[in-house]
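Chemist: Starting off with a structure, shown below.
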Amino acid sequence: MDVKPAATKSSDRRSGSWLWPLALTIFGIVLLLDNFLLLGDFNAVALLPLLLVMVGAQILLRGDLLPNDETRRFGITRGSVESGTLEISSGEIDVEVRALQADYHLRDGQPALITGQYAAQSRPQLNMAENYAHLKLDRSATPWASFADWKISVAPDLPWQILATAHLGQINLDLTGIIIHEAAIATGMGDIRLVSPIEAFRPLQVRSTLGNIHVITPIGYRTRITVTKSRMFSVQADLTRYQTSEPGVFIALDAEESATLVDIRLSGTFGDAYLV
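Throughout the sequence shown, residue numbering follows this note's numbering, covering 9 to 284 in sequence.
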């Protein structure tokens with residue numbers, strides 16, 4: 009198994025790349041002039057809100073605080089791996105996880121275990137033990153000024169343990185066609201979007217402290233969703249897709265007879281759960 013990171017030119021350089029250095033340059037010049045009393049009674053500190061606006065615009069348009077023309081992409085060959093763990097601690101970064109195409113291969117022709125987009129000048133941590141792979145993506149191991157989304161694709165034909173947390177970021181997991189051994193997903197202030205896997209050995213645990221949880225069951229999948237409601241956390245279910253077997257328990261309709269049951273357990277403090 010090989011980890012093959014590569015720095016590739018971004019195909020969509022955005023005009024926001026000049027905002028941050030321009031703002032710093034102008035603000036620096038103003039401070040210098042102010043220090044040398046060339047601006048009279050002008051208060052340079054009054055420009056701080058403008059600087060914050062420029063920084064916010066840079067992040068919205070570019071995705072990163074500092075301009076960078078390269079995106080760090082990586083790919084890991086399948087090798088003899090038969091099971092894996094994907095551990096994500098993204099802080100304020102938004103995360104997307106989905107399945108690889110079944111016949112996807114890396115540039116050297118090797119079948120892929122995982123591919124994705126990560127923070128520039130960084131690479132995920134990989135640990136191997138016989139036929140087991142553990143991949144860790146940690147916000148603390150990436151540049152502080154990098155706010156680009158993390159996008160991960162995993163091989164669908166082996167069992168995965170997925171552990172994903174975010175403090176301020178959103179988590180989007182499209183587990184369609186993926187076999188899940190175990191999953192624990194949690195956000196602080198951020199929404200969660202989850203598309204049910206086709207098979208799960210253990211219940212999926214999903215929690216948001218301050219945010220909404222969206223769960224989508226593909227047609228034909230058999231899911232049972234248990235929602236722990238509270239005074240500030242309620243559930244809204246599409247009754248054309250789910251039936252209630254008991255309070256707080258929703259069973260997906262139109263499941264195929266051969267489909268295995270997937271248990272999903274939702275909880276939250278402030279927000280709503282949406283079942284569609």
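Idealized CB from N, CA, C, for every residue including glycine.
Predicted model only: the values in this text are computed from it and were never measured.
For Gln125, which beta-bridge partners are listed by DSSP?
Modeler: Beta-bridge pairing links Gln125 to Arg81, Lys159.
Chemist: Within 8 Å, do at least three Cβ pairs link the stretch 208–218 to the stretch 247–254?
Modeler: Result no; under three Cβ-Cβ pairs closer than 8 Å.
Chemist: If you follow the beta strand (DSSP E) that Gln178 is part of, which residue opens it and which one closes it?
Modeler: Premise fails: Gln178 is in no beta strand (DSSP E) and is neither H nor E.
Chemist: Take the Cβ of Trp168 as the centre, count every other Cβ of all protein chains shown within 10 Å, and call the residue buried at 16 or more, exposed below.
Modeler: Under this definition Trp168 is a buried residue.
Chemist: Among Ser242, Asn139, Ala194, Asp262, whose alpha-carbon lies nearest the alpha-carbon of Pro255?
Modeler: Residue Ser242 is the option with its Cα nearest to Pro255.
Chemist: Between which two residues does the beta strand (DSSP E) carrying Asn135 extend?
Modeler: It spans 133–137 - the beta strand (DSSP E) in which Asn135 sits, taken as one unbroken run.
Chemist: Does the pairing of the stretch 92–109 with the stretch 146–161 give three or more beta-carbon distances under 8 Å?
Modeler: Touching, yes, given that three or more Cβ pairs across the two stretches are closer than 8 Å.
Chemist: Where do the N-terminal and C-terminal ends of the beta strand (DSSP E) with Lys237 fall, by residue?
Modeler: Taken as a continuous stretch (DSSP letters only), Lys237 belongs to no beta strand (DSSP E), as it is neither H nor E.
Chemist: Please report the Cβ distance between Phe82 and Gly124, rounded to the nearest whole angstrom; I am assuming they are in contact, meaning their Cβ atoms lie under 8 Å.
Modeler: With a Cβ gap of about 6 Å, Phe82 and Gly124 count as contacting.
Chemist: Residues in its own chain within less than 6 Å of Leu171 by CB, not counting five upstream and five downstream?
Modeler: Cβ within range, chain order: Glu95, Ala192.
Chemist: Among Glu265, Ile188, Thr85, which has the Cα closest to the Cα of Ile227?
Modeler: Here the closest residue by C-alpha is Glu265.
Chemist: Is Pro315 near Ile179, with beta carbons less than 7 Å apart?
Modeler: This structure cannot speak to residue 315, because the chain is shown only from 9 to 284.
Chemist: Roughly how many whole angstroms lie between the Cα atoms of Leu274 and Ala128?
Modeler: Near 34 Å, if we compare the C-alpha coordinates of Ala128 and Leu274.
Chemist: Taking the alpha carbon of Met240 as the point to measure from, which residue in Val89, Glu207, Gly279 has its own alpha carbon closest?
Modeler: That would be Gly279, whose Cα lies nearest to the Cα of Met240.
Chemist: Considering just the uninterrupted stretch of the beta strand (DSSP E) at Phe278, what are its terminal residues?
Modeler: Taken as a continuous stretch (DSSP letters only), the beta strand (DSSP E) holding Phe278 covers 269–283.
Chemist: Going by DSSP in three states, Arg86 sits in which element: helix, strand or coil?
Modeler: It is coil, neither helix nor strand.
Chemist: Does Ser266 come out as helix, strand or coil in the three-state DSSP assignment?
Modeler: Coil.
Chemist: Could you give the distance in angstroms between the alpha-carbon of Gln133 and the alpha-carbon of Ala174?
Modeler: Answer to the nearest angstrom: the Cα atoms are 18 Å apart.
Chemist: Please determine, among Leu181, Phe258, Arg86, the residue with the shortest C-alpha to C-alpha distance to Asp102.
Modeler: It is Leu181.
Chemist: May I have the straight-line CA-CA distance separating Asn135 from Glu100, to the nearest angstrom?
Modeler: C-alpha separation (whole angstroms): 25 Å.
Chemist: Going by the beta-carbon positions, is the gap between Leu225 and Ala260 smaller than 7 Å?
Modeler: A quick correction: the sequence has Thr, not Leu, at residue 225. Going by C-beta atoms, Thr225 is nearer than 7 Å to Ala260.
Chemist: Let's see if you can read the secondary structure: which residues bound the beta strand (DSSP E) around Ile200?
Modeler: Counting along the chain, the beta strand (DSSP E) containing Ile200 begins and ends at 200–203.
Chemist: Hey, out of Ser130, Gly196, Ile84, whose CA is closest to Arg115's CA?
Modeler: When only C-alpha atoms are compared, the closest one is Ile84.
Chemist: Quick check: what's the CA-CA separation for Ala156 versus Tyr126?
Modeler: Straight-line Cα distance between these residues: approximately 8 Å.
Chemist: Would you tell me roughly how many angstroms separate the C-alpha atoms of His189 and Leu166, rounded to the nearest one?
Modeler: For His189 and Leu166, the distance between alpha carbons rounds to 9 Å.
Chemist: Under a Cβ-count criterion, where at least 16 other Cβ atoms within 10 Å of its own Cβ denotes burial, should Val203 be classed as buried or exposed?
Modeler: Buried is the call here.
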